[in-house]
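Written out below as structure tokens is the structure these notes cover.
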Amino acid sequence: MKGRTRHRSLASATARWVLILLVLLVLWPLLVIGLAGPASAAPVKGAGPVVLVGVPGLTWADVSQQGTPALWSLLDEGAVGTLAARSVG
-10 MKGRTRHRSL
0 ASATARWVLI
10 LLVLLVLWPL
20 LVIGLAGPAS
30 AAPVKGAGPV
40 VLVGVPGLTW
50 ADVSQQGTPA
60 LWSLLDEGAV
70 GTLAARSVG
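Residue numbering for the sequence shown follows the working numbering, starting at -10 and increasing by one per position.
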């Protein structure tokens, strides 16, 4: 009878260690990711100054390569956006 009891306790201990190892293997990546912290954004290289140009009454139809070469160059080399602000009254 002692042999069976010893065999069961050995199997129980082995099963416990296997379970502990499996839990550690599953939780280890989560622990490593959590300790790593958030990734920081890489600095933008070559970012230049920002210029905002506003001209009342100027439309895109008024801008041409021949008529407004400086604005045309800005359009060609930079980022362009449109915003139409309207007020009541």
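Cβ coordinates follow ideal geometry from the N, Cα and C atoms, glycine included.
Where residue i falls: helix, strand or coil (DSSP)
i	result
LEU41	coil
GLY23	helix
VAL7	helix
VAL12	helix
PRO32	coil
Residue i and residue j closer than 8 angstroms at C-beta
i	j	result
LEU60	VAL69	no
The alpha helix (DSSP H) enclosing residue i, as first and last residue numbers
i	result
LEU64	58 to 66
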